Structures are given as C-alpha cells and as structure tokens.
Amino acid sequence: MNNFKHFGYLLAASMVLSSCGGSDSQNEDSKSNVSKTEIEKLSEDTFAVRVDTVKLQNVEQINDFTATVDPQVKNNIAPTAPGRIMEILTDVGRHVSKGQLLVKMDPTNLLNAKTQLTNIELEYNRAEELRKAGGASQQMVDQLKTQMDVARSTYQNLLDNANLKSPISGVVTARNFDSGDLYSGAMPILTVMQIQPVKIVINVPESNFKDIKLGMKVNVTTEVYGDKEFAGKVSLVYPTIDEKTRTFPVEITIPNANGAVRPGMFARASINFGTVKRVVVPDNSIVKRAGSGDRYIYVVNEDKTVSFNKIELGRRMGSEYELLSGVKDGDIVVISGYTKLKDGAHIQVIE
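Take any residue in the sequence shown, count from 1 to its spot, add 45: that is its number in the working numbering.
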C-alpha cells in the first residue's frame, strides 16, 4: 500500500514537470512568431513601416520632346507640263550642287519657241528701221515689241523646263522615272533635300511659351545613334498657340556638318528651362493604384497614422522623382511596408 502511494506521488510529479516543459516550448514558439510578423504587422490595426523625410531640392527643368527629322529644304524636280524625259543625269544618294543640270526633257517645244522668237525679233528689227525712215508707225513697233517680249518669256520658260536644274545643294532622295519615260505630272521626277543643316519641329506646352527664346541650345539624340548628342538651337518660334492642344510649334536647327542625321529619323530634343525648387521623393515610396495611371504616396501624420496622397510626378532622376504636387517639404513618407496599408492606418516606424 505504501509502495502504491509512493508510485502515485512520482507519477504526479512527472506530469507536473511535463506540463511545465510544454509551456516553455509554446512560449518560445510564440516569441518566434511575433518576431517573424513584426515587420509587416504589429497588431490588427498597426503596421510596421520604414520611412524617409523628403525635402525641397534644386531640380533642373529639362523637358524632352519627340519629333521626326526634316530636311532644311525639300525640292521636287519636275517640269510644269507633261513631256518625254530624254535623260536623267543623277541618281538616288548622289550629292548635287545648286544650279547643277539634273534632267533633260524633250526639246521639241523649246526649238519651236526658239524659231518663233527669232522670227519676231527679225520683224521687230525691220519695223524699227522702217519707223526711223518714216515707213512704219510707232504703234506697229510697239505691237511687235509686245509679241517679242511674250515670245522671249515663253522660250525662257520652256528652256527652264527642258533643262531641269537643282535649286539647292543637297542629296537626291527619290527618283520616280527613268530616261525615256513620259512624265505625266503625277509625281516628281527627282526629289532633292538639303541635309546640312536639318531641322525638327516640336510641340511645346503653352506654359513654356515665355521660356523659349531664339538661339536657345538644344541637345538632340536619335534612335540610330543612341545616347550620342547633337547640338541644336531654336531657330523659329511660332507666334500662335493651338487652341485644341494648347501647344505651339518650335523649330530646332541641327548643323549636321558630317551629314550623320538624316531626314525621317526619330529624334528626341531636350531643352533646359532652368532650375526650380521641387520636392524630391525616392521612387520606392510611390504607389500605383491598380486599374489606373494614378500615383500615390503614404504620408505619415503626427498621430502615427498615414494619409494616402495622390501625387503628380515630374522628372525621373535616377532612383528619385521630382514631384509637382501631393507632398510638402519635410513630410515623412513610407518607403517600405505599405503593401497592406490603407488610408488612415496606424503605423509604427522601424529601422
């Protein structure tokens, strides 16, 4: 009997010790779980976040504009009337000089006009001699003079259209006919473009109208040459603003001395409008709302809650953004831990 009681005491003690050991294990697990969730959520309504303080900084107001490169001048080479093309003296890609003969047309009409002009000149000269001798009236001489002037004008026009010359120095960029073809007037025989310099025309917002000045320096890049910059300058500012787009055209000239930039290339023009003070925020503080293009930032309030502020972005500068609105100088913004946040949520700042 005494042995049985002794065994009972030992069993009870063993159960107590076992119970105490289980509690310690559960406490350790509990501590581990708290540590694991601390970064995301401290309690049902309090979230752990990391923050940063934003400040005003000097930000260069560099605006980028896209455009297509145009030649400085473009000339379509063609006669004023249909006719047979006798000879084309150049081809696509050839450089031509101002005044260079490019195309010879059928000279038949030109020769007829030359004959007619020569005959009228002879008649006029005879009439003038007779007038001096008293054998012809001044009226007759004047009439022949008028006919002669018309014949000369017709001959000169046909001469210009029978021998087509380049009005500019440039490059032949298109050839639509061959020697012997009949020119119908549907399209030019040749196209010549001046590519030194070239130009682009960009559309600038009306808010920058007062900032654009003739001669302003502009950096131009192209898709073909990547980050290589070409120096340009503002050569023309259009005087009116489009009431639909609220923009105005600005022409930028690029010297293009080596001819690297060609018409038709996609180009990007960067214009520096000076420096202003703006709030700058890290890009990892910006939240994009699903289903829209709106951007937001969580701003920490004095009572350790957050406000979900809609923002307007300016330029991206590496890992930071210029803000145009939505956050003030000195505001504290959430940069990490905002996945489950919502407007008005309580937060605790962690290192």
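Ideal Cβ placement from N, Cα and C applies to all residues, glycine included.
Given the structure is predicted, the values throughout are model-derived calculations rather than measurements.
Assigned secondary structure, residue i (DSSP; H/G/I helix, E/B strand, else coil)
| i | result |
| --- | --- |
| Q188 | helix |
| A196 | helix |
| Y169 | helix |
| K177 | helix |
| T320 | strand |
| S214 | coil |
| S330 | helix |
| L369 | strand |
| A314 | strand |
| V394 | strand |
| A207 | helix |
| S182 | coil |
| E268 | coil |
| T350 | strand |
| L386 | coil |
| S252 | helix |
Spatial distance of residue i from residue j (CA atoms)
| i | j | result |
| --- | --- | --- |
| R139 | N221 | 15 angstroms |
| G9 | A126 | What is shown of the chain runs 46 to 396, which leaves residue 9 out entirely. |
| G179 | V186 | 12 angstroms |
| A93 | E105 | 35 angstroms |
| S364 | Q117 | 39 angstroms |
| A123 | A276 | 35 angstroms |
| V269 | I240 | 16 angstroms |
| L146 | P212 | 10 angstroms |
| T163 | L175 | 19 angstroms |
| Q192 | I165 | 7 angstroms |
| G128 | P152 | 9 angstroms |
| R360 | I107 | 8 angstroms |
| T292 | I356 | 24 angstroms |
| T285 | Q184 | 55 angstroms |
| I377 | D97 | 6 angstroms |
| V137 | G319 | 44 angstroms |
| V415 | Q188 | The question about residue 415 has no answer here: the residues shown for the chain are numbered 46 through 396. |
| G389 | G338 | 22 angstroms |
| S182 | Y169 | 12 angstroms |
| A207 | K190 | 25 angstroms |
| D297 | V326 | Note that residue 297 is Ile in the sequence shown here, rather than Asp. Approximately 33 angstroms between the Cα atoms of the pair. |
| N103 | K273 | 26 angstroms |
| Y341 | F311 | 33 angstroms |
| T384 | G336 | 16 angstroms |
Proximity to residue i [Cα-Cα], best of the options
| i | options | result |
| --- | --- | --- |
| V99 | T384, Q393, G389, K322 | K322 |
| D223 | E132, A158, A305, N103 | E132 |
| L156 | R197, A314, Q188 | R197 |
| V351 | V195, K333, L386 | L386 |
| V265 | V216, V137, T290, N301 | N301 |
| V324 | L368, T160, V137, Y270 | L368 |
| V237 | I165, D376, D226, K210 | K210 |
| D205 | M150, V141, R129, T267 | M150 |
| D328 | A312, I286, K349, L358 | L358 |
| T290 | I356, N248, G338, D376 | N248 |
| G382 | G338, V332, T160, G371 | V332 |
| G375 | F318, F254, L101 | L101 |
| V141 | T267, A219, I297 | A219 |
| G225 | I130, D388, V137, E168 | I130 |
| T91 | L235, D348, Y169, K258 | D348 |
| P250 | D272, G215, E288 | E288 |
| K143 | T111, R334, V217 | V217 |
| N317 | A207, D256, S214 | D256 |
| V148 | L167, L235, S214 | L235 |
| G371 | S330, G336, G215, K119 | S330 |
| S214 | M362, A335, K119, T267 | K119 |
Proximity of residue i and residue j at Cβ, strictly below 8 angstroms
| i | j | result |
| --- | --- | --- |
| F353 | Y366 | no |
| R95 | I395 | yes |
| K244 | D115 | yes |
| I380 | V345 | no |
| S252 | D109 | no |
| V279 | G304 | no |
| V282 | V295 | yes |
| A172 | Y200 | no |
| T113 | G309 | yes |
| P242 | N121 | no |
| A154 | L203 | For the sequence presented, residue 154 should be read as Asn rather than Ala. Result yes, Cβ atoms of N154 and L203 sit closer than 8 angstroms. |
| R313 | T160 | no |
heavy atom of the ligand MN below 7 angstroms from residue i C-beta
| i | result |
| --- | --- |
| P300 | For the ligand MN, the structure offers nothing, since it holds no ligand at all. |
Of all the beta strand (DSSP E) runs that stay within the bounds of the region 76–157, which reach a length of 3 or more residues? If we require 3 residues or more, the beta strand (DSSP E) runs fully inside the region 76–157 come out as 91–98, 100–113, 115–122, 128–133, 146–150.
Those runs of the beta strand (DSSP E) which lie wholly inside the region 278–310 and span at least 3 residues: 292–299
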